[in-house]
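Asks: Next up is a structure, given as C-alpha cells.
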Amino acid sequence: MIDTDRRAVAGVPRRGSYGGTALVALWLLALALAARQAVAVLARPPEERFADLAAWTGERGVLEVSGPLYEGGTFTGTPFAGLALRPLTNAAEQVLGVAWTLGTLLLVAALGVVAVRALPWVTGRTARLAAAPVAISLLVLSVPVRNTFHLGQTSIIPVLLALCGLLYAARTPRGAGAAVGLAAAIQPTVLLFAPLLWLTGRRRAAAVAGGVFAGCTVLAWAAMPSDSWTYWVHHVAGAGLGAPADGLANQSLHGLLLRLGLRGPLEIALFAALAAVVAVVALRRAARYALDGQLLLAAALTGCAAVAVSPAAWQHQQLWILLAAAGRVGRRSGDRLVWPVFLVLVMTLDPAALVPNLPFLTPFGENAPLLAALLAACVLPFVSRTSPLWDRPEYSGPFSRPNLMLELLLIRVGYWLYSLVRSLAPDGRELAESHGRQILAIEEALRLDVEHWLNHAVVKVGWLEQSMNLYYTSLHFLVPISLLAVLYVRRPVTYRWARTSLSFATLLGLVGFWLYPLAPPRLMPGLGYIDTAHGPQDFDDPDFGVLTGISNQYAAMPSLHVGWSLWCAVVVVRLTPNRWLRALGVLYPVLTTLVVMGTANHYLLDAVGGAAVVAAGLGIAALWQRHGPVRRAAAEPAAGPAERTDRPEPAGRTVPAGRTESREAGETGETAEPVGAVAAGPSPEETAAPRP
Numbered sequence: 001m002i003d004t005d006r007r008a009v010a011g012v013p014r015r016g017s018y019g020g021t022a023l024v025a026l027w028l029l030a031l032a033l034a035a036r037q038a039v040a041v042l043a044r045p046p047e048e049r050f051a052d053l054a055a056w057t058g059e060r061g062v063l064e065v066s067g068p069l070y071e072g073g074t075f076t077g078t079p080f081a082g083l084a085l086r087p088l089t090n091a092a093e094q095v096l097g098v099a100w101t102l103g104t105l106l107l108v109a110a111l112g113v114v115a116v117r118a119l120p121w122v123t124g125r126t127a128r129l130a131a132a133p134v135a136i137s138l139l140v141l142s143v144p145v146r147n148t149f150h151l152g153q154t155s156i157i158p159v160l161l162a163l164c165g166l167l168y169a170a171r172t173p174r175g176a177g178a179a180v181g182l183a184a185a186i187q188p189t190v191l192l193f194a195p196l197l198w199l200t201g202r203r204r205a206a207a208v209a210g211g212v213f214a215g216c217t218v219l220a221w222a223a224m225p226s227d228s229w230t231y232w233v234h235h236v237a238g239a240g241l242g243a244p245a246d247g248l249a250n251q252s253l254h255g256l257l258l259r260l261g262l263r264g265p266l267e268i269a270l271f272a273a274l275a276a277v278v279a280v281v282a283l284r285r286a287a288r289y290a291l292d293g294q295l296l297l298a299a300a301l302t303g304c305a306a307v308a309v310s311p312a313a314w315q316h317q318q319l320w321i322l323l324a325a326a327g328r329v330g331r332r333s334g335d336r337l338v339w340p341v342f343l344v345l346v347m348t349l350d351p352a353a354l355v356p357n358l359p360f361l362t363p364f365g366e367n368a369p370l371l372a373a374l375l376a377a378c379v380l381p382f383v384s385r386t387s388p389l390w391d392r393p394e395y396s397g398p399f400s401r402p403n404l405m406l407e408l409l410l411i412r413v414g415y416w417l418y419s420l421v422r423s424l425a426p427d428g429r430e431l432a433e434s435h436g437r438q439i440l441a442i443e444e445a446l447r448l449d450v451e452h453w454l455n456h457a458v459v460k461v462g463w464l465e466q467s468m469n470l471y472y473t474s475l476h477f478l479v480p481i482s483l484l485a486v487l488y489v490r491r492p493v494t495y496r497w498a499r500t501s502l503s504f505a506t507l508l509g510l511v512g513f514w515l516y517p518l519a520p521p522r523l524m525p526g527l528g529y530i531d532t533a534h535g536p537q538d539f540d541d542p543d544f545g546v547l548t549g550i551s552n553q554y555a556a557m558p559s560l561h562v563g564w565s566l567w568c569a570v571v572v573v574r575l576t577p578n579r580w581l582r583a584l585g586v587l588y589p590v591l592t593t594l595v596v597m598g599t600a601n602h603y604l605l606d607a608v609g610g611a612a613v614v615a616a617g618l619g620i621a622a623l624w625q626r627h628g629p630v631r632r633a634a635a636e637p638a639a640g641p642a643e644r645t646d647r648p649e650p651a652g653r654t655v656p657a658g659r660t661e662s663r664e665a666g667e668t669g670e671t672a673e674p675v676g677a678v679a680a681g682p683s684p685e686e687t688a689a690p691r692p
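Residue 500 in my numbering sits at position 500 of the sequence shown, with consecutive numbering throughout.
Dropping the structure here:
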C-alpha cells in the first residue's frame, strides 16, 4: 500500500537472487506478525477476549442468541449482523475462539491481496507477490485490525466486500452490487459506495447494492423486530450503543463535536451539515480517482468519508484510513513518503507518539485518525495517473533539504520509542545494583572513582548545585535539537549525516540500556551519594525514589547525556572554522560529564560508554553514506537520462547530465564542505558540493 518504486517492485524476482531472498523474508515477516497476533488473542483468558461477543455467551460457554441483542450494551452491530451470527449458536466458546481468530487472519490476508490487486502501480505476478506481504504486515500491525481480533468484531468483512465490489463492478455488476449491499447491511455507512458506483457509471451495480441492503435490513426486521426497532429507531442507526459517543475511541465528526462541548439540536444540525459536505466532496473526489484507475484510493476516500460521517466510528471501524496510503502526494520524490508514513504512524501507534506532550497539541494527537480521514477524503491533492509526476516526480537527491514534516514525524516517533525502550528495559533493583558495584570496582582499580568526592563538593555550593540541576534537565534535548534545526536550514547535506549518526548512536545506547541495567550513583544504597534533584531516597522501600515509579531509572549505561553532547561537539568542530565556537563545542561534553557525575546521575565509565556509542554511530553513518542508498541516489541522476530516453522530461525540471549533484547542492544553500565520512576519505557528496 505504501508508495514504492514500480521498477523496484517489478524487478524482485529471480530464484536464488537477492530479490528472491527478500521476497521470502517479507512473507516470513508477515506470517510471524500474523501468528504473534493470533497467539496474543488466544493466550488471553476467555473472559478477556472477544468482548463484543460477550452478549452472545451463555452459561455453558456457548454462543446463544436468546434475549435482546442490545440489552447488555456490548453488542453494537446491526440487527442483520446479529442474524448472520445465528449459525454459530451451537459452537463451544473455546473452539469458536480458535476458528474466529484463524478466520480473521484469513480475512486480513485476503484484504491485503485484494488491496494490492487494486494498486495501479503494482503489475505482474512477481510484483504482487512482493507487495502482498507488506500490505498484510501493515494491516496486522494496525490498531483497527488488532481491535478486531481482541473484540471479536466483523469489521474486516464490510471493508473486503466493498473493496471487491468496487474492483469488480465492471466485470460482474450484479455480484459487485450484492457485495456492497451486504457490506452496508453490516456497516450502514458503507452504503456510500452505492453513489460512488453510480458516479462512475456502474449504475446497475449501484441499484443492486441499494436493493440488497434494503432486503437484508427488511429480513432482519422480520426476524428480529424488537432488536431492529432498538437499533434503527431508538438508538438512531446505532448511535447510542457501546461506549459513550464523546469518548476518544469514537473518531467521527459527531464524537468530535461532542468532545468540543456541543450538545442538543445545535450539535445535531452542525453534524448533519458537516457530514453532508464531507460526503459530497469525498464522493466527487473518489469518483475522479476511480475513473483515473486508482480504485484502491477511491475506495479508501469513500471509506474515510464513512468514518467521518458515521455517528460512531470506533477503532475497529477505521481500517479505511490506512488504505488511503495508496495515494501519491507531492511533487518531489523526497515528499512521497510523508503521507504513507504519517498514516502508518497514526494507525499503528498510540496518539502520544505523534505529538509532544504539550496542552495545545494534545487535541491533534487525540483526534489524529479523524484528521487523517478528513485530509484524505476532502483536502489532499493526490497525483493523477495522467500527470507527468505520477511515476517521475521531481528529483530530490542527497543534496536537497529533506521534507520537514517527515523529519519531524521521525524525530518525534524516535524520541517516543527511546522513552518506551528505556522504560521497558530490565529494571530489577538487585541486578542494577550489582552492576553498579561492578562499575565502582573497575573505577577503583583504575583510580577513576571521583564521583563521590565531586558529588559532595557540588552539594556544598548552593548555586553550583542548582545550576547543575538546571543544566542536566534542560540542555540534554535543547542543544541537539537546536543544532539539528540550524543544520536543516543552513547545511542540509551536513544535516543528513548528522541526524543519521545521532540516530545510530541513540539506537546503540538503547541496546546498552537493555543489556546492562545499571543503578546510577544516587540510587546505590549505603554509599553516601546525594541526589541533588530529588533529595534523599528511602532505600527501605523496594520502589524507592520519586521517579522510579514513573520511568526506568536503572538505564544509566551508556550516558546519552554525555554521548549527545559529544556528538554536538563533533558537529560544531567539523562545521565551523571559528576557534571560539570550536572551543565551546569541545567544552560542552566536558561540562556535561562533570554535571552528570556532580548530580550523582552517572559514573565516569557511563560517560566513556556514551562516547563509545557516539563513535560507533559516526562510523556507521560514514559507512551508510559511502555504501548505502545515499551513494546510489547520488549516482542515479547521471545515468537517469540514458535509462529514460523513451520518456519526456517533466515540465519545469531539466537537469543536464553530470550537473545534477552540483545544482542540487547549490539550491539548498550548502556553503561549507559537507561532513561526510569520518576519517574515511572524501565521499561523492563532498566532491560534488560547491566549495566556499
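Every residue gets a Cβ at the ideal spot worked out from N, C-alpha and C, and that includes glycine. Fair warning: this is a prediction, and the values are worked out from it, not measured in the lab.
Using only alpha-carbon positions, find the residue among THR154, ARG203, SER155 and LEU192 that is nearest to VAL175.
Replies: Correcting the residue type first, residue 175 is Gly in the shown sequence and not Val. Among THR154, ARG203, SER155 and LEU192, the Cα nearest to that of GLY175 belongs to ARG203.
Asks: Which residue wins for smallest C-alpha separation from VAL450, given the options HIS561, THR599, TRP121 and ALA81?
Replies: THR599
Asks: Once you ignore the five residues that flank VAL41 on each side, which residues in its own chain have a CB closer than 7 Å to its CB?
Replies: ARG49, THR101, PHE149 and HIS150
Asks: Measure the C-alpha to C-alpha separation of ALA744 and THR123 and round it to an integer number of angstroms.
Replies: Past the boundaries of the shown model lies residue 744; the chain is included only from 1 to 692, so the question cannot be answered.
Asks: In whole angstroms, what is the alpha-carbon distance linking TRP699 and CYS216?
Replies: Look at the range of the chain in this structure, 1 to 692, and you will see that residue 699 is not part of it.
Asks: Please report the residue range of the alpha helix (DSSP H) in which ALA206 lies.
Replies: Bounds of the alpha helix (DSSP H) holding ALA206 are 203–223.
Asks: On a CA-only basis, which of ALA607, ALA282, GLY509 and TYR554 is nearest GLY617? Give me that one, please.
Replies: GLY509
Asks: Does the beta-carbon of HIS234 have 16 or more other beta-carbons within 10 angstroms, so that it is buried, or is it exposed?
Replies: exposed
Asks: Relative to the C-alpha of ALA697, which residue among TYR495, THR532 and VAL562 is closest?
Replies: No information on residue 697 is available, as it lies outside the stretch 1 to 692 that the chain covers here.
Asks: Tell me whether ARG332 sits in a helix, a strand or coil according to DSSP, three-state version.
Replies: strand
Asks: Determine, using beta-carbon pairs with one atom in the stretch 399–407 and one in the stretch 314–326, whether at least three such pairs fall under 8 Å.
Replies: no
Asks: By the three-class DSSP mapping on this structure, what secondary structure does ALA555 have?
Replies: strand
Asks: Where does LEU406 sit, in a helix, a strand or coil, going by DSSP?
Replies: Correct three-state label for LEU406: helix.
Asks: Hey, HIS492 and CYS568 are a contact pair by Cβ (cut 8 Å); roughly how many whole angstroms apart?
Replies: A small correction: the amino acid at residue 492 is Pro; His does not occupy that position in the sequence shown. At roughly 18 Å, the Cβ-Cβ gap does not stay under 8 Å, so PRO492 and CYS568 are not in contact.
Asks: Could you give the distance in angstroms between the alpha-carbon of LEU475 and the alpha-carbon of THR362?
Replies: 24 Å
Asks: Once you ignore the five residues that flank GLY293 on each side, which residues in its own chain have a CB closer than 8 Å to its CB?
Replies: In the same chain as GLY293, and ignoring 5 residues on each side of it, the C-beta atoms closer than 8 Å to its own belong to PRO120 and ARG385, in chain order.
Asks: Just to confirm my understanding: we take ALA485, look at its own chain, exclude 5 residues before and 5 after, and list those with CB closer than 7 Å. What are they?
Replies: Excluding the 5 residues flanking it on each side, ALA485 has no same chain C-beta neighbour closer than 7 Å.
Asks: For ASN601, count neighbouring C-beta atoms within 10 Å of its own C-beta (all shown protein chains included) and say buried if the count is 16 or more, exposed if not.
Replies: buried
Asks: In terms of residues, what are the limits of the alpha helix (DSSP H) holding GLN318?
Replies: For GLN318, no alpha helix (DSSP H) run applies, since DSSP gives it neither H nor E.
Asks: Excluding the 5 residues preceding and the 5 following ALA223 in the sequence, name in chain order all residues of the same chain whose CB lies nearer than 7 Å to its CB.
Replies: Closer than 7 Å at Cβ, skipping near neighbours: LEU83.
Asks: Taking the alpha carbon of LEU29 as the point to measure from, which residue in SER226, VAL114, ALA135 and GLY103 has its own alpha carbon closest?
Replies: Considering only alpha carbons, the answer is ALA135.
Asks: Check whether the stretch 290–306 and the stretch 348–364 touch, using three or more Cβ-Cβ pairs below 8 Å as the test.
Replies: The stretch 290–306 and the stretch 348–364 do not touch, with fewer than 3 CB-CB distances between them shorter than 8 Å.
Asks: With the cut-off set at 9 Å, would you say ALA376 and LEU301 are in Cβ contact?
Replies: yes
Asks: According to DSSP, is LEU464 part of a helix, a strand, or is it coil?
Replies: helix
Asks: With three or more beta-carbon pairs closer than 8 Å as the criterion, would you say the stretch 345–353 touches the stretch 409–416?
Replies: yes
Asks: On a CA-only basis, which of LEU448, ARG437 and LEU560 is nearest LEU527? Give me that one, please.
Replies: ARG437
Asks: Go ahead and pull the three-state DSSP assignment for LEU248.
Replies: coil
Asks: What separation, rounded to the nearest whole angstrom, lies between the Cα atoms of PHE504 and VAL145?
Replies: One C-alpha to the other measures close to 31 Å.
Asks: Measure the beta-carbon distance from ALA279 to VAL307 and round it to whole angstroms, keeping in mind my assumption that it falls under 8 Å.
Replies: Their Cβ separation, rounded to whole angstroms, is 11 Å, which puts ALA279 and VAL307 out of contact at 8 Å.
Asks: Applying the 10 Å Cβ sphere with the 16-neighbour rule, what's the burial state of SER226?
Replies: exposed
Asks: Along the chain, where does the alpha helix (DSSP H) containing THR302 start, and where does it finish?
Replies: Start and end: 295–309.
Asks: Tell me the rounded alpha-carbon separation between PRO340 and ALA162.
Replies: 22 Å
Asks: Compare the beta carbon distance of PRO520 and ALA556 with 9 Å and say whether it is the shorter of the two.
Replies: yes
Asks: Any chance the CB of GLY293 is under 8 Å from a heavy atom of the ligand ZN?
Replies: Absent from the structure shown: the ligand ZN. Ligands present: none.
Asks: Could you pull out every residue in the same chain whose Cβ sits closer than 8 Å to the Cβ of ALA81, ignoring the five residues on either side in sequence?
Replies: Cβ within range, chain order: THR154, ALA185 and ILE186.
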